[in-house]
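There are 2 protein chains.
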Amino acid sequence: MALTPARTMPGVLELLPLDQIAFQRMLDTIRRNYERFGFLPVETPAIEFSDVLLTKTGGETERQVYFVQSTGALAKEGTPELALRFDLTVPLARYVAEHEHDLSFPFRRYQMQRVYRGERAQRGRFREFYQCDIDVIGKDGLSVRYDAEIPAVIYSVFRELDIGPFTIQLNNRKLMRGYFESLGIADGERQMLVLREVDKLDKRGADYVRDTLTGEGFGLSAEVAGKILDFVQVRSTSLEDAFGKLDALGSGPEALEQGRAELKEVLGLIRDFGVPESHFALNLSIARGLDYYTGTVYETTLNEHPQIGSICSGGRYENLASQYTKSKLPGVGISIGLTRLYWQLRDAGLVDTARSTVDVLVTQMDEARMPAYLALASELRGAGIATEVVLEGGKLGKQFKYADRAGIRFVVVLGEDELAKGVVTVKDLRREDQFEVARTELVKTLRVELEQAAAMG
Amino acid sequence: MALTPARTMPGVLELLPLDQIAFQRMLDTIRRNYERFGFLPVETPAIEFSDVLLTKTGGETERQVYFVQSTGALAKEGTPELALRFDLTVPLARYVAEHEHDLSFPFRRYQMQRVYRGERAQRGRFREFYQCDIDVIGKDGLSVRYDAEIPAVIYSVFRELDIGPFTIQLNNRKLMRGYFESLGIADGERQMLVLREVDKLDKRGADYVRDTLTGEGFGLSAEVAGKILDFVQVRSTSLEDAFGKLDALGSGPEALEQGRAELKEVLGLIRDFGVPESHFALNLSIARGLDYYTGTVYETTLNEHPQIGSICSGGRYENLASQYTKSKLPGVGISIGLTRLYWQLRDAGLVDTARSTVDVLVTQMDEARMPAYLALASELRGAGIATEVVLEGGKLGKQFKYADRAGIRFVVVLGEDELAKGVVTVKDLRREDQFEVARTELVKTLRVELEQAAAMG
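So the protein lines, in turn, are chains A and B.
Just so it is clear: in the first sequence, position 75 is 74 by numbering that gives the first Met the number 0, and no numbers are missing.
Just so it is clear: in the second sequence, position 4 is 3 by numbering that gives the first Met the number 0, and no numbers are missing.
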């Protein structure tokens, strides 16, 4: 039989076991923090009805959708009935609308699953990737206080992920809208076009952006262009500084006043939630491309790795599920694109291949003693210590080498000498050290060693 | 805008949050046990190349495959290039073949992901479901001892899942093949046909099966048919009984002798692995439909719910990935179809909706005291206690009702009285009890309560 080359499609991140362990630890950390803040788990099917999935999306998204067909449906004409989710927000909207009467509001859910996009293959672009989302959904209304809780969750997650200093950056779409209105740019679409130009500030510089805004396409006055550039360059260095800079914007239309009041309340509460002032700031350039957001918007960046861009983004929206239900469901949420983040962190040398999930390897000296090895392994497992037993014989040196290569730190040797003396020899492959311990003390000793190892990361 | 009805496709199991928590706890238990036995995590993409996925499968599977196409690819003729995995075994074979040189052998992996089958919609049939698999893959060879380790893992998993008494049932394909040969049924396909008839024993009874086997289609003698029926009805009640019944089969061709020797070694070792004799048994009717298995085969049943059928099945195979690589990769493994199992257990009243993952709700008495509530919540979260704060005001009674409905057991009240006295009132909604505790003792007290609650299940 001719062999089929074993390969995966481009745009997926498939990991070797020790990398998968590192990735899994990040997932576990995120889940633990989401749960600590009282978010409840939800999982939805990867496959949804196409008409349910594609109610709101524009052409761009539609072109990236993966449609799904069983063999029987392949021959049919037209758009396939099924498709893979491209984010977790549309499935959330569908979920809340479908199960509305069985949920308690405010509904706090987290969801950590893979999503699918038929992107063109390109370095750093993934066709399948994890999103780790939280959202709080209100019924009819939702206090702006929830907008302050989200950064507290972000802070908790990234502090524990321990990938370096970070800043949660906030803006408010109403404030932006109001400010643009006060400059005579009232049309929402025109505001978006201006923002898209302003987004090029970092890459092209202020002069380029100013020229564009005052050029034929936009036709803004030099004064207005200058004010826009000043506005989007506002950053705060402390809570007091943020309040001062918000006040310095001067009075303006209702949207501006409302946005400013919301931002002030949110910023103040974030501090009350225990987030240090060093970890959140005003950044009036943040718009978040989507029309979707209507109030607070967030981005989070690593201070020492700005090139990575936002590692966690989101915001407040007016109505989650207007395509499915007449109920008004305002909400606020964020998303961590973990596959891309992990890939970038690994690329930047910020995450290592993990230690194995296997704590101990029990070696095999003499196959006649197998029952003794198995009893020892059972004892360790019973104490919650992950243990592998060598069931296939072979030289002891080869067994050590296997443990080393597999990232297993502790190797246990139980030879005739040890059995006679009631002891066990433990080899610590990381410290390149070995010691003898009484059989009765083994579990306790290994537990201490493993706790120390875990504490040291 | 006309509303789109929010709905999922038939054949998926979407859960409400408290059920999702119960499901997630089962996933966590399985993962913990797999890791305890030294299996390493692997995740593979849901989408694979069709030619990679469909090398080995027959027509039946092919008809159940979900093909995947991006919008751009829809117009193209022929079989789509991409498809969703229908199990975790083919992706494992692809993974091991692709990464062979980066893996250590014996390679022990677990994989817990969703798989997809375009089944006809039918009660209890799922189109998307979790499989939780372990496999040990050897290079060139793999000791039969690994066949004994698998039941030790099964025992550990189901004991901790705590869904009632169960029995791991074993057979060996070589033993079966050898016995059939000794009766003059040497052809593999004919053996399978006979086994398929024998499978109807429970439903149709011995007379019906005997009539079929001695009838026109098979044309076996009454003696041979009787021997087959006797063989497949062999069950053991203890290890000694199993050995006795294996010996009683008498001598036979090489395959029978080899199968018997393997079964004896495996059964003996299972006991050495610490599995009580009450939890494993010989069952010579087990064949596992697939041609795939070549030696030991397993099924696991709940003693008190035989109608649920096998909750965990698998076996030994000769060569994992012959379609992708010339390397010989024998292995042994099992799969738990968790979605179906959970659904069946819930149907039989064996799993409850879980307590919430949220341990504590901090109520809101006076919005001016918000900083005090937030500080309290931070303290609890810092101690690992999952805490939700009521950020939207409302009557206290309504807040209690929310907690009750959401399955949150402990509600904390911090009113002016409590603040003045330096205490906190804790309401235990399950016990319908409340008590006052010094603010400084709160974390300790709640921890004890939560540990007790967890211990009592």
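Glycine included, every Cβ here is placed at the ideal spot set by N, Cα and C.
From this set, Gln-232/A, Thr-362/A, Arg-380/A, which residue's C-alpha is nearest Tyr-372/A's C-alpha?
-> What you label residue 372/A is simply residue 373 of the first sequence in a count that begins at 1. Of the candidates Gln-232/A, Thr-362/A, Arg-380/A, the one whose C-alpha sits nearest the C-alpha of Tyr-372/A is Thr-362/A.
Determine the contact status of Asp-52/B and Tyr-129/B, defining contact as a CB-CB distance below 9 Å.
-> Position 53 of the second sequence, counting from 1, holds the residue named residue 52/B. Position 130 of the second sequence, counting from 1, holds the residue named residue 129/B. In the sequence as presented, Asp is not what sits at residue 52/B; that position holds Leu. For Leu-52/B and Tyr-129/B, no; Cβs fall outside 9 Å.
Can you tell me whether DSSP reads Leu-390/A as helix, strand or coil?
-> One-based indexing of the first sequence puts residue 390/A at position 391. In this structure, Leu-390/A counts as coil in the three-state DSSP scheme.
Within the 9 Å Cβ cut-off, does Thr-295/B reach chain A?
-> Your numbering for residue 295/B matches position 296 in the second sequence. Not one chain A Cβ lies under 9 Å of Thr-295/B.
In the structure shown, what three-state DSSP assignment does Pro-40/A receive?
-> Your numbering for residue 40/A matches position 41 in the first sequence. Three-state result, Pro-40/A: strand.
Give the straight-line distance between the Cα atoms of Trp-342/A and Gln-23/A, rounded to the nearest whole angstrom.
-> Looking up residue 342/A in the first sequence gives position 343. Looking up residue 23/A in the first sequence gives position 24. Cα to Cα, the separation comes out at about 13 Å.
To which residues does DSSP link Cys-131/A through a beta bridge?
-> For this step, residue 131/A is matched to residue 132 along the first sequence. Looking at the DSSP assignment, Cys-131/A forms a beta bridge with Met-111/A, Ile-335/A.
Which residue's Cα is closest to the Cα of Asp-416/B: Glu-435/B, Gln-190/B, Phe-409/B?
-> On the second sequence, position 417 is the one that residue 416/B refers to. If we check each option's Cα against that of Asp-416/B, Glu-435/B comes out closest.
How close, in whole Å, do the beta carbons of Leu-413/B and Leu-449/B come, if the pair is a contact with beta carbons under 8 Å?
-> Position 414 of the second sequence, counted from the first residue, corresponds to residue 413/B. Position 450 of the second sequence, counted from the first residue, corresponds to residue 449/B. Rounded, the Cβ-Cβ distance is 19 Å, inconsistent with contact.
Name the DSSP bridge partner or partners of Gln-451/A?
-> Against the first sequence, residue 451/A aligns to sequence position 452. Gln-451/A pairs with nothing; no bridge assigned.
Quick one: what does DSSP say Ser-155/A is sitting in, helix, strand or coil?
-> Against the first sequence, residue 155/A aligns to sequence position 156. Helix.
Show which residues of chain A have a CB atom less than 7 Å away from the CB atom of Arg-93/B.
-> Here residue 93/B corresponds to residue number 94 of the second sequence, with the count starting at 1. Here the neighbours are Ala-5.
So, is Val-447/B buried or exposed, given that buried needs 16 or more other C-beta atoms within 10 angstroms?
-> As a position in the second sequence, residue 447/B is number 448, starting the count at 1. Val-447/B is exposed by the Cβ-count criterion.
Three CB pairs or more closer than 8 Å across the region 65-79 of chain B and the region 392-399 of chain A | no
When you check each C-beta in the region 394-418 of chain B against every C-beta of chain A, which residues fall closer than 7 Å?
-> Tyr-401, Arg-404, Ala-405
Beta carbon of Tyr-297/B, beta carbon of Ala-92/B: below 9 Å?
-> By 1-based counting over the second sequence, the position of residue 297/B is 298. By 1-based counting over the second sequence, the position of residue 92/B is 93. Going by C-beta atoms, Tyr-297/B is not nearer than 9 Å to Ala-92/B.
Start and end of the alpha helix (DSSP H) containing Gly-243/B?
-> Here residue 243/B is taken as the residue at index 244 of the second sequence, counted from 1. Residues 238-246.
Residue burial classification, Pro-305/A (beta-carbon count within 10 angstroms, cutoff 16) | As a working note, residue 305/A is residue 306 in the first sequence. The residue is exposed, with fewer than 16 neighbouring Cβ atoms inside 10 Å.
Looking at the unbroken beta strand (DSSP E) that takes in Thr-166/A, where does it start and where does it end?
-> Taking the first sequence and counting its residues from 1, the one referred to as residue 166/A is at position 167. Where Thr-166/A is concerned, the enclosing beta strand (DSSP E) stretches over 165-171.
Under the DSSP definition of a beta bridge, which residues are partnered with Tyr-65/B?
-> Sequence index remark: in the second sequence, residue 65/B carries index 66 (1-based). According to DSSP, which records beta bridges pairwise, Tyr-65/B is partnered with Ser-69/A.
Reduced DSSP secondary structure (H/G/I, E/B, other) of Arg-234/B = As a first step, residue 234/B is located in the second sequence; it is residue number 235 there, counting from the start. Note: Arg-234/B maps to strand in three-state DSSP.
Measuring only between beta-carbons, confirm whether Ala-454/B sits less than 9 Å from chain A.
-> Taking the second sequence and counting its residues from 1, one reaches residue 454/B at position 455. Answer no: the Cβ-Cβ gap between Ala-454/B and chain A never drops below 9 Å.
Starting from the Cα of Leu-255/B, find the closest Cα among Tyr-178/B, Lys-226/B, Leu-192/B and give me that residue.
-> Within the second sequence, residue 255/B is the residue found at index 256, counting from 1. Of the listed residues, the one whose Cα sits closest to Leu-255/B is Tyr-178/B.
Thinking Asn-170/B and Asn-318/B are a contact (beta carbons under 8 Å), I'd like their distance in whole angstroms, please.
-> In the second sequence, the residue the question calls residue 170/B occupies position 171. In the second sequence, the residue the question calls residue 318/B occupies position 319. Incorrect: roughly 20 Å between the Cβ atoms, too far for contact.
For the region 96-107 of chain A, enumerate the residues whose C-beta is nearer than 8 Å to any C-beta of chain B, in chain order.
-> Ala-96, Glu-97, His-98, Asp-101, Leu-102, Ser-103, Pro-105, Arg-107
According to DSSP, what are the bridge partners of Val-423/B?
-> By 1-based counting over the second sequence, the position of residue 423/B is 424. Answer is Val-436/B.
Do three or more CB pairs link the region 139-155 of chain A to the region 95-103 of chain B at distances below 8 Å?
-> no
Buried or exposed: which applies to Gly-37/A, given that a residue is buried once 16 or more other Cβ atoms fall within 10 Å of its Cβ?
-> By 1-based counting over the first sequence, the position of residue 37/A is 38. Buried, since its Cβ has 16 or more Cβ neighbours within 10 Å.
Please determine if the region 228-247 of chain B and the region 112-131 of chain B are in contact, where contact requires at least 3 C-beta pairs separated by less than 8 Å.
-> no
Please classify Thr-439/A: is it buried, with 16 or more other beta-carbons within 10 angstroms of its beta-carbon, or exposed?
-> Numbered from 1 along the first sequence, position 440 holds the residue referred to as residue 439/A. With fewer than 16 Cβ atoms within 10 Å of its Cβ, Thr-439/A is classed as exposed.
Evaluate the contact criterion for the region 302-316 of chain B versus the region 245-253 of chain B: three or more CB pairs, one atom per stretch, below 8 Å.
-> no
Contact between the region 174-188 of chain A and the region 253-272 of chain A: three or more CB pairs below 8 Å?
-> yes
May I have the straight-line CA-CA distance separating Leu-39/B from Ser-155/A, to the nearest angstrom?
-> Numbered from its first residue, the second sequence carries residue 39/B at position 40. Numbered from its first residue, the first sequence carries residue 155/A at position 156. If you take the alpha carbons of Leu-39/B and Ser-155/A, they lie about 28 Å apart.
Give the interface partners of Thr-300/A over in chain B, defined as CB-CB distance under 8 Å, in chain order.
-> For the purposes of this step, residue 300/A is identified with residue 301 of the first sequence, where counting begins at 1. None at all; the shortest Cβ gap to chain B is about 24 Å.
Assuming Phe-125/B contacts Arg-339/B (C-beta within less than 8 Å), just tell me the rounded distance between them.
-> Counted from its first residue, the second sequence places residue 125/B at position 126. Counted from its first residue, the second sequence places residue 339/B at position 340. Indeed they touch by this definition, with Cβ atoms about 6 Å apart.
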